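Asks: First residue of the sequence shown? That's -13 in my numbering, and the numbers climb one at a time after it. Note that CB positions come from ideal geometry on N, CA and C, so glycine has one too. Remember, predicted model here, so these are calculated numbers, not experimental data. What follows is a single structure, and I will ask about it in a moment.
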Amino acid sequence: MPKISFVVPIYNEEENIPKLVEEIQAVAPDLSDSYEILLVDDCSSDRSLQIIRDLATQNPAIRPLALARNSGQSAALSAGFQAADGEAIITMDADLQNDPADLRQMIKYYGEYDMINGWRFNRQDTLSKKIASKIGNAFRNRLTRETIHDTGCSLKIMNADMLKNIRIYKGLHRFLPTLMRMEGAKIIEVKVNHRQRLFGESKYTNLRRGIEGFYDVLAVRWMQSRHLSIEVKEEK
Ligand code: UDP
Ligand code: MG
-13 MPKISFVVPI
-3 YNEEENIPKL
7 VEEIQAVAPD
17 LSDSYEILLV
27 DDCSSDRSLQ
37 IIRDLATQNP
47 AIRPLALARN
57 SGQSAALSAG
67 FQAADGEAII
77 TMDADLQNDP
87 ADLRQMIKYY
97 GEYDMINGWR
107 FNRQDTLSKK
117 IASKIGNAFR
127 NRLTRETIHD
137 TGCSLKIMNA
147 DMLKNIRIYK
157 GLHRFLPTLM
167 RMEGAKIIEV
177 KVNHRQRLFG
187 ESKYTNLRRG
197 IEGFYDVLAV
207 RWMQSRHLSI
217 EVKEEK
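The structure is reproduced here in structure tokens:
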């Protein structure tokens, strides 16, 4: 397997970080001989950055990256993507709701596919969040002519070259399958485990996500309609 970069955006997740790193390191050697863990602190106001720094001093696989201002999940991910050295990039939330053990199944598709997107078929979230997500996915799929069940599942494996070509704007982390497809990616969804958030809080409300998502879907639709698919026939 190629070198892997784990990229995890972190905003006020102090209780979750040590366990997160432990869980990532429990599976990482099964995925690749070579990996790095980019922990991107999105200017947390709790002790997250200090915890990341402390872990990094004991653990050479950890690369801390700290943003100067709280810039949002898309920005934290984008900063991580640009800094990543791996040929494949794996993302997940820092909140321990994703189970890195699922990566053992997901990685089998890498190579044949350029993007493997998790699908939380048994979600451990509030009913209102599950309903909002169903509506969001249906709406997004309809307008962007997609069939992705769970674009919001952060557990993803992606080809780094393709991912680095994408210019990510605020909110666009919710459209990574569509944006990757525009880069030519072959995509598969794999059902994954999902757990309750035990520590820290969700950073979004359904209303905020709904309003932002509605606005963003129009932008992505526009991108799709104006996408340039260039094939050079001759060049001297
Ligand atoms: N996050 C971030 N910056 C923000 C908001 C969130 O880096 O401004 C991180 C957060 O710490 C988590 C991930 O992005 O690792 C997703 O956030 P959250 O779990 O709160 O969202 P949800 O899963 O509830 O949609
Ligand atoms: Mg989360």
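Where are the alpha helix (DSSP H) runs, 4 residues long or more, that stay fully inside the segment 87 to 147, in chain order?
Replies: Listed in chain order, the complete alpha helix (DSSP H) runs (minimum 4 residues) inside the segment 87 to 147 are 89 to 92, 113 to 130.
Asks: Measuring only between beta-carbons, confirm whether serine 215 sits less than 9 Å from chain C.
Replies: Reference to chain C is not applicable here, since this structure consists of a single protein chain.
Asks: Residue ranges of each alpha helix (DSSP H) run of no fewer than 4 residues wholly in the segment -1 to 75, ordered along the chain?
Replies: List check, alpha helix (DSSP H) in window: 3 to 17, 34 to 44, 59 to 69.
Asks: Go to serine 211, then tell me how far its alpha helix (DSSP H) extends in each direction, as first and last residue.
Replies: Residues 192 to 211.
Asks: Does the Cβ-Cβ distance between glutamate 198 and glycine 157 come in under 9 Å?
Replies: Yes, they are a contact pair.
Asks: Is the beta carbon of alanine 65 sitting closer than 9 Å to the one on leucine 82?
Replies: Against a cut-off of 9 Å, the Cβ pair of leucine 82 and alanine 65 comes out as no contact.
Asks: Return helix, strand or coil for lysine 177, following the three-state DSSP convention.
Replies: Residue state, collapsed to three classes: strand.
Asks: For arginine 90 and aspartate 16, which I take to be in contact (beta-carbon distance under 8 Å), what is that distance rounded to the nearest angstrom?
Replies: Going by Cβ atoms, the distance from arginine 90 to aspartate 16 rounds to 6 Å, so yes, they are a contact pair.
Asks: Would you say the segment 136 to 151 touches the segment 69 to 89, given that touching needs at least three Cβ pairs under 8 Å?
Replies: Yes, the segment 136 to 151 touches the segment 69 to 89.
Asks: Need the endpoints of the beta strand (DSSP E) that proline -12 sits in, please.
Replies: Unbroken run through proline -12: none, as it is neither H nor E.
Asks: Less than 9 Å between the C-beta atoms of proline 223 and leucine 41, yes or no?
Replies: Residue 223 lies beyond the range of the chain shown here (-13 to 222); nothing can be said about it.
Asks: Considering only residues of the same chain and omitting the five flanking positions on each side of phenylalanine 67, which have a CB-CB separation below 7 Å?
Replies: Within the same chain, phenylalanine 67 has close Cβ partners Val(-7), Ile75, Leu149, Lys150.
Asks: In angstroms with no decimal places, state the Cα-to-Cα distance between isoleucine -10 and leucine 63.
Replies: Their backbone Cα atoms lie some 15 Å apart in a straight line.
Asks: Give me, in chain order, the residues of the same chain whose beta-carbon lies closer than 6 Å to that of methionine 144; leave out the 5 immediate sequence neighbours on both sides.
Replies: So the list reads Ile75, Met101, once near-sequence residues are dropped.
Asks: Look at the Cβ atom of proline -5, then the Cβ atom of aspartate 32, and state whether they are nearer than 9 Å.
Replies: Cβ distance not < 9 Å, so proline -5 and aspartate 32 don't count as in contact.
Asks: Using only alpha-carbon positions, find the residue among Tyr96, Val178, Leu6, Pro46 that is nearest to alanine 171.
Replies: Selected option, being the one with the closest Cα: Tyr96.
Asks: Can you say whether lysine 142 is buried or exposed, counting buried as having 16 or more other CB atoms within 10 angstroms of its CB?
Replies: It is buried - the Cβ of lysine 142 has at least 16 other Cβ atoms within 10 Å.
Asks: Alpha helix (DSSP H) containing methionine 78: first to last residue?
Replies: Element bounds for methionine 78: n/a, residue is neither H nor E.
Asks: Identify the continuous alpha helix (DSSP H) that holds arginine 167 and give its terminal residues.
Replies: Residues 162 to 168.
Asks: Would you kindly check if the distance between the Cβ of glutamine 36 and the Cβ of isoleucine 23 is under 9 Å?
Replies: No, they are not a contact pair.
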